[in-house]
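Heads up: the structure comes next, in structure tokens.
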Amino acid sequence: MALVACSPTASDGVTDGPGTTSNTTTDDVVDATTSTTGTTAVPTGGESTTEEVGPPPVDYVIIAADPLADAAAGIGEHRSAGGHTVALVRMSEILADGGDPVEAIRARLRGYHAARDPDRPMFALLVGDAEPGGPVDADTVPLGEVVQVLEVAPPMTIPTDNLYADLDNDDITDLAVGRIPARDPAAVTAALDKIVRHEQVRSVGPHNRRINMFASALGQGALVDSLVEKLVNTAVDEIPYDFDITMTYGLQSSPYVYVPQQFSDKVVERFMEGSLMVTYIGHGSATSFPPLEWNNQLYPLLEVDALADLSITGRSPIVTLIACAMGSFAGPGDSVGATLLAAPNGPVAVLSSTELSYVYPNTIFIRELGLVMTAERPATVGEAFLRAKQRVMTQVDGFRAQIDNAFGLSLSDADMDALRRSHLHLYTLFGDPALVIGYPEPATVSVAPATVAPGGSVAVDILAANLGDGAAHVTLETARSKILGELVPVPPDDDPQRDAVIAANYEVANDKVVVDTEAALVGGAAQADLAVPADLPPGRYYIKVRVDDGSAEAIGAVELIVDD
Numbered sequence: 005m006a007l008v009a010c011s012p013t014a015s016d017g018v019t020d021g022p023g024t025t026s027n028t029t030t031d032d033v034v035d036a037t038t039s040t041t042g043t044t045a046v047p048t049g050g051e052s053t054t055e056e057v058g059p060p061p062v063d064y065v066i067i068a069a070d071p072l073a074d075a076a077a078g079i080g081e082h083r084s085a086g087g088h089t090v091a092l093v094r095m096s097e098i099l100a101d102g103g104d105p106v107e108a109i110r111a112r113l114r115g116y117h118a119a120r121d122p123d124r125p126m127f128a129l130l131v132g133d134a135e136p137g138g139p140v141d142a143d144t145v146p147l148g149e150v151v152q153v154l155e156v157a158p159p160m161t162i163p164t165d166n167l168y169a170d171l172d173n174d175d176i177t178d179l180a181v182g183r184i185p186a187r188d189p190a191a192v193t194a195a196l197d198k199i200v201r202h203e204q205v206r207s208v209g210p211h212n213r214r215i216n217m218f219a220s221a222l223g224q225g226a227l228v229d230s231l232v233e234k235l236v237n238t239a240v241d242e243i244p245y246d247f248d249i250t251m252t253y254g255l256q257s258s259p260y261v262y263v264p265q266q267f268s269d270k271v272v273e274r275f276m277e278g279s280l281m282v283t284y285i286g287h288g289s290a291t292s293f294p295p296l297e298w299n300n301q302l303y304p305l306l307e308v309d310a311l312a313d314l315s316i317t318g319r320s321p322i323v324t325l326i327a328c329a330m331g332s333f334a335g336p337g338d339s340v341g342a343t344l345l346a347a348p349n350g351p352v353a354v355l356s357s358t359e360l361s362y363v364y365p366n367t368i369f370i371r372e373l374g375l376v377m378t379a380e381r382p383a384t385v386g387e388a389f390l391r392a393k394q395r396v397m398t399q400v401d402g403f404r405a406q407i408d409n410a411f412g413l414s415l416s417d418a419d420m421d422a423l424r425r426s427h428l429h430l431y432t433l434f435g436d437p438a439l440v441i442g443y444p445e446p447a448t449v450s451v452a453p454a455t456v457a458p459g460g461s462v463a464v465d466i467l468a469a470n471l472g473d474g475a476a477h478v479t480l481e482t483a484r485s486k487i488l489g490e491l492v493p494v495p496p497d498d499d500p501q502r503d504a505v506i507a508a509n510y511e512v513a514n515d516k517v518v519v520d521t522e523a524a525l526v527g528g529a530a531q532a533d534l535a536v537p538a539d540l541p542p543g544r545y546y547i548k549v550r551v552d553d554g555s556a557e558a559i560g561a562v563e564l565i566v567d568d
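Just so it is clear: in the sequence shown, position 353 is 357 by the working numbering, and no numbers are missing.
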């Protein structure tokens, strides 16, 4: 079984200096492990007194290349205004510590981490580019390095930011780390502008629960391809049905394929419509996606040149590129991941790999990240990636056993363990780890009866306690793995109807709605009746709900069994 997933100065709110922070008078917070919030001391006799003993501990650390420090301070001001206690450290200060600069950064972070409030998450933002194996100076923020050692492949050096997240070398991430791989202050300011827009300018709509996926053909042979596709489909079906998922698949035989000459345009269209997430699964390289093969002709899966000109409406997505090297730091140009983050109106955060990745741990990571983002719903993107990495190492359940058993046919237990650990280091977050994701609120949905015969009807009750008056959008939908509509055989390439048939099949495959209706939302509550079509095949279906009052929205779903 082939395993590699690849183609053959200070501003208000923030001060800088050795360990200085916003809203604090501590000279060196790295050493001030006793720094605490204000406490109330109650003497053994007499009246209680209150004594302020220091500022809140630092929970947001910026390590910035010197030329970018002033621009990075703007991000610190934004986070300070949101309630974080921010420390900004310039690379010249790190280098003055002497020794290995990576370990010097880790030492600083350990100090802040030891003094933290354990009830609050901690974040580290690296502002600056890096070159694997290159010189380290005050103009860059260095990458760490780990070596992946496998029985089935030669050792591979992995450039990584994960050493800054795993402070005790136990392969369990301790804090959320992200990087803005910028080379000039304007790029940092542009990143801040996107962060602020994402967090402060919101519109209600289906884009807030949409996850757009696209994928390349795996090309590892029919047996392996079908196995991996089945596992990924199972992982996708675990995602709560509160969310909508689309798929655009670069495989000629798939109903989710699009017109080959227009495939790249369709993927760009999916980016542009706005979504919670865009996820790519497949092969990749530092600067390109693999082609779509159609009758021995090659067509672009996604033209990278189009990414710099993205103008996303509705909502800038968090992008995950589950593929080889798309977050690489090597070479003179920007990687795909860095290009996406740098697009002024593009994605607000990107997760991608710095080196060659493998199908087995990628499959696990797809599953765990999907569940964290949609079921746990942490507040920030950094916490989401931290939790997903933790689950890669700690989660034990039936589906994880199924994944292990499938790949255990070709991998030893030692190699599977090594791959899980190495891929924690491979995947790097481009963007601010404290970025607030901003989910719709949860809606409580109930349906009666829970089992209905074809031709029957159900009553749907909806409650979104924090919403006012507005509208409820209710759908009855198939399971994600099902295609209810009719697919038409694709004509030969010289048939003038070919493109229309492919496009129609694509729409049918992605349309999971059986019936839909709307109801009035009054004081956050709504009730709707849905008629089940008499010809609907028995099986598992879902009632999905999105409600909004014009300024806020909530989503929910409940299973419905259709049975004779």
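Backbone N, C-alpha and C fix where the C-beta goes; we use that ideal spot for every residue, glycine too.
- From the listed residues Asn299, Ala329, Pro336 and Asp269, the smallest Cα separation to Asp309 is found for Asp269.
- When DSSP states are grouped into helix, strand and coil, Ala561 belongs to the strand group.
- When Cβ pairs closer than 8 Å are counted between the two stretches, the stretch 469-481 is seen to touch the stretch 520-534, the count reaching three or more.
- For Asn216, the uninterrupted beta strand (DSSP E) segment begins and ends at Arg214 to Ser220.
- For Ser207, same chain residues with a beta-carbon under 7 Å away, outside a window of 5 residues either side, are Gly318 in chain order.
- The alpha carbon of Leu305 has as its nearest neighbour, out of Cys328, Ser332, Pro336 and Leu255, the alpha carbon of Leu255.
- Residue burial annotation: Glu359 is buried, with at least 16 other C-beta atoms found within 10 angstroms of its C-beta.
- Around the CB of Lys516, 16 or more other CB atoms lie within 10 Å, so the residue is classed as buried.
- Here the alpha carbons of Thr378 and Ala108 stand approximately 36 Å from one another.
- Taken atom to atom, the span from the alpha-carbon of Glu97 to that of Asp553 is near 50 Å.
- If you keep only unbroken beta strand (DSSP E) runs of at least 3 residues inside the stretch 139-177, you get 148-152 and 160-164.
- Taking 8 Å as the cut-off, the Cβ atoms of Met281 and Met251 do not count as close.
- In the same chain as Arg550, and ignoring 5 residues on each side of it, the C-beta atoms closer than 6 Å to its own belong to His477 and Ile559, in chain order.
- Three or more Cβ pairs closer than 8 Å define a contact, and the stretch 170-185 meets that threshold against the stretch 129-139.
- A Cβ-Cβ contact shorter than 8 Å links Tyr545 with Glu481.
- Comparing alpha-carbon positions, the option among Pro495, Thr432, Gln406 and Ala346 lying closest to Val385 turns out to be Thr432.
- Bounds of the alpha helix (DSSP H) holding Ile199 are Pro189 to Gln204.
- By the C-beta criterion, the stretch 387-399 is judged to be in contact with the stretch 362-373, since at least 3 inter-stretch pairs fall below 8 Å.
- Per DSSP, the unbroken beta strand (DSSP E) holding Met281 starts and ends at Met281 to Ile285.
- Look at Asn509 here: in three-state DSSP terms it is helix.
- Remark: three or more beta-carbon pairs, one from each stretch, lie closer than 8 Å, so the stretch 213-227 and the stretch 269-279 are flagged as touching.
- In the DSSP assignment, His427 falls outside any beta strand (DSSP E) and lies within the alpha helix (DSSP H) extending over Asp417 to Leu430.
- In this structure, Ile487 lies near Ala513, with their beta-carbon atoms less than 8 Å apart.
- By the C-beta criterion, the stretch 423-440 is judged not to be in contact with the stretch 532-542, since fewer than 3 inter-stretch pairs fall below 8 Å.
- The count of Cβ pairs closer than 8 Å, one atom from the stretch 324-343 and one from the stretch 283-298, reaches three, so the stretches are in contact.
- In this structure, Pro259 places its C-beta atom within 8 Å of the C-beta atom of Leu491.
- In the three-state reduction of the DSSP assignment, Gly402 falls in the helix class.
- Val65 sits away from Leu99, with the two beta carbons spaced by 8 Å or more.
- A residue is called buried when at least 16 other Cβ atoms come within 10 angstroms of its Cβ; Val145 meets this threshold and is buried.
- Check the Cα spacing between Ser485 and each of Glu233, Lys198 and Gly103: the tightest is with Glu233.
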